[in-house]
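Asks: Take the sequence shown: its letter number 295 is residue 295 in the UniProt record's numbering, and every next letter is one higher.
Every residue gets a Cβ at the ideal spot worked out from N, C-alpha and C, and that includes glycine.
Please read through the structure below; I'll follow up with questions.
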Amino acid sequence: MLCIFEENEIFSKAKERIKEVYLSDERPWVVGFSGGKDSTAVVQLVFSALSELKKEQLKKMVYIISSDTLVETPLIIDLITRTLGKIQDEAIKRGLPIETNKVKPDISKTFWVSLIGRGYPTPRQKFRWCTDRLKIEPANKFIIDQVSKYGEVIMVLGVREKESSTRAGVIRSHSVEGKLLMRHSTLPNAFVFAPIKDFTVDDVWQYLLENESPWGSDNHYLLQLYQDSNSECPLMIDKEIKESAGSCGNSRFGCWTCTVVKEDKALSGFINNGEEWLKPLLEFRNYLISIRSDRSLRQKQRTNGRIYLISAPNDMQIPKENQIPIEKLGDYLKRENIDLAEVEELDLFVETKDGLKQLGLGPFTLKAREIILKKLLMTQKEIQKKYKGFLELISIEEMKYIRHLWRKEGDWEDKVPKIYYEVTGKEIDWEQDERPTFEKEQITDLERLCLESGINVTLIKKLINIERDYAGYKIRRGLFQEFDKVLGQDALHL
1 MLCIFEENEI FSKAKERIKE VYLSDERPWV VGFSGGKDST AVVQLVFSAL SELKKEQLKK
61 MVYIISSDTL VETPLIIDLI TRTLGKIQDE AIKRGLPIET NKVKPDISKT FWVSLIGRGY
121 PTPRQKFRWC TDRLKIEPAN KFIIDQVSKY GEVIMVLGVR EKESSTRAGV IRSHSVEGKL
181 LMRHSTLPNA FVFAPIKDFT VDDVWQYLLE NESPWGSDNH YLLQLYQDSN SECPLMIDKE
241 IKESAGSCGN SRFGCWTCTV VKEDKALSGF INNGEEWLKP LLEFRNYLIS IRSDRSLRQK
301 QRTNGRIYLI SAPNDMQIPK ENQIPIEKLG DYLKRENIDL AEVEELDLFV ETKDGLKQLG
361 LGPFTLKARE IILKKLLMTQ KEIQKKYKGF LELISIEEMK YIRHLWRKEG DWEDKVPKIY
421 YEVTGKEIDW EQDERPTFEK EQITDLERLC LESGINVTLI KKLINIERDY AGYKIRRGLF
481 QEFDKVLGQD ALHL
């Protein structure tokens with residue numbers, strides 16, 4: 001009995017700390033909620049603490065935010081959405097100054113716009129472009145908006161020192177002795193309050209299972225999710241926290257598209273525990289990993305048109321006719337009319353003073369992105385047959401933005417609407433000003449003329465697209481600067 005009392009005392013002390021910090025000033029709170037155990041415990045403690053205060057003491061807002069990356073595991077985003085709704089309803093009923101929000105990435109930076117629209121290679125440990133774009137930036141934008149309104153804010157997070165030695169080091173490095181608040185590492189007018197930083201994982205579960213959710217959620221269901229998937233993906237608002245957290249695909253339920261690790265244990269766990277309708281997602285995620293290093297699907301230049309060289313495999317037998325001195329590379333590419341943005345097979349090796357090199361890889365080719373989009377829509381169609389509610393893997397808004405990006409790269413055949421109709425059999429309201437620049441026969445003629453003249457057809461398409469964008473303007477300021485920018489990016493300038 002004594003042991004139970006001591007454990008319960010930890011919870012009461014955490015609640016009293018929350019009241020103390022809440023009443024100490026007028027700075028609003030932004031509480032991070034990921035749907036997992038730690039953030040659920042924090043939100044529940046905050047909710048319960050505010051419920052015990054007098055009405056006249058509830059003078060400042062508490063914003064509860066959750067990141068929706070738009071590629072969350074469906075089971076988890078459903079849980080988060082339902083929970084946020086319940087929290088909001090109960091807060092209104094009790095007269096608590098709580099407002100729930102879901103933050104999402106800007107349409108220009110979503111996972112599918114980045115990968116299918118711009119051709120970004122799938123994320124890996126050394127190129128984790130996804131976390132900043134999908135999690136940190138949307139959350140920080142919300143925080144900065146509140147800072148601009150109130151001057152300063154306090155972030156309330158479910159971080160714990162005992163979660164890992166790395167996490168403990170990050171927390172201590174930002175802590176001030178004798179103070180309950182920590183400095184935020186990147187946002188100067190934001191401070192961090194971690195009410196459960198001294199909790200063990202057992203403390204968290206004991207609190208959740210011994211104390212009913214004030215908004216009526218079932219914490220035992222949350223425990224079942226953990227048993228099925230083995231963890232969560234925390235709300236990210238700090239680059240240092242990102243680095244210490246590792247990948248969410250390893251032992252956390254986060255984005256179903258996570259390619260940073262070899263195996264998505266969470267998604268596999270859900271499937272092995274009866275959620276077999278998720279299989280198409282796992283298969284598509286594994287497909288994304290399998291194509292990452294496929295040279296035939298990647299451009300042989302960077303996004304800005306420049307090339308870089310990597311060491312050729314030591315065990316590869318390379319015919320002499322495939323070896324080009326570096327000083328003759330530009331002439332060779334021009335003579336052979338090789339478009340590094342579209343070429344698939346290129347058995348070309350460059351002789352340098354440091355040995356034989358290969359052309360490094362850039363974004364996915366436009367053709368590869370067409371394949372990925374079609375396969376994604378087929379996966380969406382397949383999973384919609386099995387899922388009880390509405391499930392959208394890629395939104396119409398994302399496809400419209402992807403269509404816009406592809407057009408700028410020379411997709412004059414307007415492939416996105418065609419791929420969408422081919423897979424779904426549905427027509428949607430595509431903007432008329434996005435109609436193809438030329439008919440298919442005209443495109444073929446242009447490609448033939450470029451081939452005969454030894455001119456890069458992709459370069460010509462980009463220049464024509466710029467001219468089209470400026471059509472109709474009386475003063476076409478910036479037209480020639482855009483021309484120069486594209487000409488300067490041409491990979492043939494070596």
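Taking 7 Å as the limit between beta carbons, can you name the residues of its chain near Ile326, skipping five residues before and five after?
Replies: Here residue 326 refers to the residue found at position 326 when the sequence shown is read from its first residue. Hits under 7 Å: Val350, Glu351, Thr352.
Asks: Assuming Thr259 contacts Leu288 under a Cβ cut-off of 8 Å, what Cβ separation, rounded to an integer in Å, is found between them?
Replies: The residue labelled residue 259 in the question sits at position 259 within the sequence shown. The residue labelled residue 288 in the question sits at position 288 within the sequence shown. Between Leu288 and Thr259 the Cβ distance is about 5 Å, and since that is below 8 Å, they are a contact.
Asks: What's the C-alpha gap between Gly36 and Leu446?
Replies: Indexing the sequence shown from 1 puts residue 36 at position 36. Indexing the sequence shown from 1 puts residue 446 at position 446. Cα to Cα, Gly36 sits roughly 55 Å from Leu446.
Asks: Compare the Cα-Cα distances from Trp412 to each of Arg118, Ile136, Val42, Lys461 and report the closest residue.
Replies: As a working note, residue 412 is residue 412 in the sequence shown. The option with the nearest alpha carbon to Trp412 is Lys461.
Asks: Note down the Cα distance separating Pro363 from Val156, rounded to an integer number of angstroms.
Replies: As a working mapping, residue 363 is identified with position 363 in the sequence shown. As a working mapping, residue 156 is identified with position 156 in the sequence shown. Approximately 38 Å between the Cα atoms of the pair.
Asks: Below 8 Å between beta carbons: does that hold for Pro121 and Arg292?
Replies: Taking the first residue of the sequence shown as 1, we reach residue 121 at position 121. Taking the first residue of the sequence shown as 1, we reach residue 292 at position 292. Result yes, Cβ atoms of Pro121 and Arg292 sit closer than 8 Å.
Asks: What does Ser311 pair with, by DSSP beta-bridge criteria?
Replies: Here residue 311 corresponds to residue number 311 of the sequence shown, with the count starting at 1. Paired residue(s): Lys357.
Asks: Pro97 to Gln88, Cα distance in whole Å?
Replies: In the sequence shown, residue 97 corresponds to position 97, counting from 1. In the sequence shown, residue 88 corresponds to position 88, counting from 1. In a straight line, the C-alpha of Pro97 is about 10 Å away from that of Gln88.
Asks: Alpha carbon to alpha carbon, what distance is there between Glu345 and Thr424?
Replies: Within the sequence shown, the letter at position 424 stands for residue 424. Within the sequence shown, the letter at position 345 stands for residue 345. If I take the Cα positions, the gap works out to 32 Å.
Asks: Where do the N-terminal and C-terminal ends of the beta strand (DSSP E) with Gly362 fall, by residue?
Replies: Position 362 of the sequence shown, counting from 1, holds the residue named residue 362. Element bounds for Gly362: n/a, residue is neither H nor E.
Asks: Check whether the Cβ atoms of Trp406 and Leu366 sit closer than 8 Å, and answer yes or no.
Replies: In the sequence shown, residue 406 corresponds to position 406, counting from 1. In the sequence shown, residue 366 corresponds to position 366, counting from 1. Their beta carbons are under 8 Å apart, which means Trp406 touches Leu366 by this criterion.
Asks: Do Phe142 and Asn101 have their C-beta atoms within less than 8 Å of each other?
Replies: As a first step, residue 142 is located in the sequence shown; it is residue number 142 there, counting from the start. As a first step, residue 101 is located in the sequence shown; it is residue number 101 there, counting from the start. Result yes, Cβ atoms of Phe142 and Asn101 sit closer than 8 Å.
Asks: Please state whether DSSP places Arg82 in a helix, a strand or coil.
Replies: Here the question's residue 82 lines up with position 82 in the sequence shown. Three-state result, Arg82: helix.
Asks: What does DSSP give as the partner residues of Leu181 in its beta bridges?
Replies: Counted from its first residue, the sequence shown places residue 181 at position 181. Paired residues: Phe193.
Asks: Starting from Pro325, trace the beta strand (DSSP E) both ways and give me its first and last residue.
Replies: Here the question's residue 325 lines up with position 325 in the sequence shown. Counting along the chain, the beta strand (DSSP E) containing Pro325 begins and ends at 323–325.
Asks: Beta strand (DSSP E) containing Thr110: first to last residue?
Replies: Against the sequence shown, residue 110 aligns to sequence position 110. Element bounds for Thr110: n/a, residue is neither H nor E.
Asks: By the three-class DSSP mapping on this structure, what secondary structure does Gly35 have?
Replies: As a position in the sequence shown, residue 35 is number 35, starting the count at 1. Gly35 falls in the coil class under three-state DSSP.
Asks: Cβ atoms of Leu361 and Lys262: under 8 Å apart, would you say?
Replies: Counted from its first residue, the sequence shown places residue 262 at position 262. Counted from its first residue, the sequence shown places residue 361 at position 361. Contact: no.
Asks: Any contact of the segment 263–280 with the segment 378–393, i.e. 3+ C-beta pairs under 8 Å?
Replies: Verdict: yes, contact present.
Asks: Have a look at Ser229, Thr303, Trp256 and flag the residue whose alpha-carbon is nearest the alpha-carbon of Phe270.
Replies: Locating residue 270 in the sequence shown gives position 270, where the first residue counts as 1. For Phe270, the nearest C-alpha among the options comes from Ser229.
Asks: Three or more beta-carbon pairs under 8 Å between the segment 188–199 and the segment 11–26, yes or no?
Replies: Touching, per the Cβ criterion.
Asks: From Leu53 to Val153, what distance separates their C-alpha atoms?
Replies: Position 53 of the sequence shown, counted from the first residue, corresponds to residue 53. Position 153 of the sequence shown, counted from the first residue, corresponds to residue 153. Those two C-alpha atoms are separated by around 21 Å.
Asks: Taking buried to mean at least 16 other C-beta atoms within 10 Å of its own C-beta, is Arg82 buried or exposed?
Replies: Taking the sequence shown and counting its residues from 1, one reaches residue 82 at position 82. Per the 10 Å Cβ criterion, exposed.
Asks: Return the CA-CA distance between Ile92 and Val71, expressed in angstroms with no decimal places.
Replies: For this step, residue 92 is matched to residue 92 along the sequence shown. For this step, residue 71 is matched to residue 71 along the sequence shown. Ile92 and Val71: Cα-Cα distance of roughly 30 Å.
Asks: So the candidates are Arg403, Ile338, Arg160; which of them puts its Cα closest to the Cα of Glu431?
Replies: Within the sequence shown, residue 431 is the residue found at index 431, counting from 1. Among Arg403, Ile338, Arg160, the Cα nearest to that of Glu431 is on Arg403.
Asks: Look at Ser39 and Lys135 and say whether their C-beta atoms are less than 8 Å apart.
Replies: Position 39 of the sequence shown holds residue 39. Position 135 of the sequence shown holds residue 135. Result no, Cβ atoms of Ser39 and Lys135 do not sit closer than 8 Å.
Asks: Since Arg29 sits in a beta bridge, which residues does DSSP pair it with?
Replies: To locate residue 29, count along the sequence shown from 1; it is residue 29. The sequence as given places Trp at residue 29; Arg does not occur at that position. DSSP, once it has assigned bridges, lists Val62, Ile154 as partnering Trp29.
Asks: What do you get for Leu449, buried or exposed, if any count of 16 or more other CB atoms within 10 angstroms of its CB means buried?
Replies: Indexing the sequence shown from 1 puts residue 449 at position 449. Exposed, by the Cβ-count rule.
Asks: May I have the straight-line CA-CA distance separating Asn286 from Ser296, to the nearest angstrom?
Replies: Stepping through the sequence shown from its first residue, residue 286 is reached at position 286. Stepping through the sequence shown from its first residue, residue 296 is reached at position 296. Roughly 18 Å between the two C-alpha positions.
Asks: On the DSSP bridge assignment, give the partners of Asn101 in chain order.
Replies: For this step, residue 101 is matched to residue 101 along the sequence shown. Partner(s): Ile65.
Asks: Thinking Lys381 and Ile419 are a contact (beta carbons under 8 Å), I'd like their distance in whole angstroms, please.
Replies: In the sequence shown, the residue the question calls residue 381 occupies position 381. In the sequence shown, the residue the question calls residue 419 occupies position 419. Going by Cβ atoms, the distance from Lys381 to Ile419 rounds to 12 Å, so no, they are not a contact pair.
Asks: What does the alpha-carbon distance come out to for the pair Gly119 and Thr303?
Replies: Walking along the sequence shown from the start, residue 119 turns up at place 119. Walking along the sequence shown from the start, residue 303 turns up at place 303. Cα-Cα distance, rounded: 9 Å.
Asks: Thinking Val30 and Ile65 are a contact (beta carbons under 8 Å), I'd like their distance in whole angstroms, please.
Replies: Counted from its first residue, the sequence shown places residue 30 at position 30. Counted from its first residue, the sequence shown places residue 65 at position 65. Yes, they are in contact, since the Cβ atoms of Val30 and Ile65 sit about 6 Å apart, within 8 Å.
Asks: Here's the rule: buried if 16 or more other CB atoms are within 10 angstroms of the residue's CB, otherwise exposed. What is Glu409?
Replies: As a first step, residue 409 is located in the sequence shown; it is residue number 409 there, counting from the start. Glu409 is buried by the Cβ-count criterion.
Asks: Going by the beta-carbon positions, is the gap between Leu356 and Ile318 smaller than 8 Å?
Replies: Within the sequence shown, the letter at position 356 stands for residue 356. Within the sequence shown, the letter at position 318 stands for residue 318. Yes, they are a contact pair.
Asks: Let me confirm a value: Met316 is counted as buried when at least 16 other C-beta atoms fall within 10 Å, else exposed. Which label applies?
Replies: The residue given as residue 316 occupies position 316 in the sequence shown. Looking at its Cβ environment, which holds fewer than 16 other Cβ atoms inside 10 Å, Met316 is exposed.
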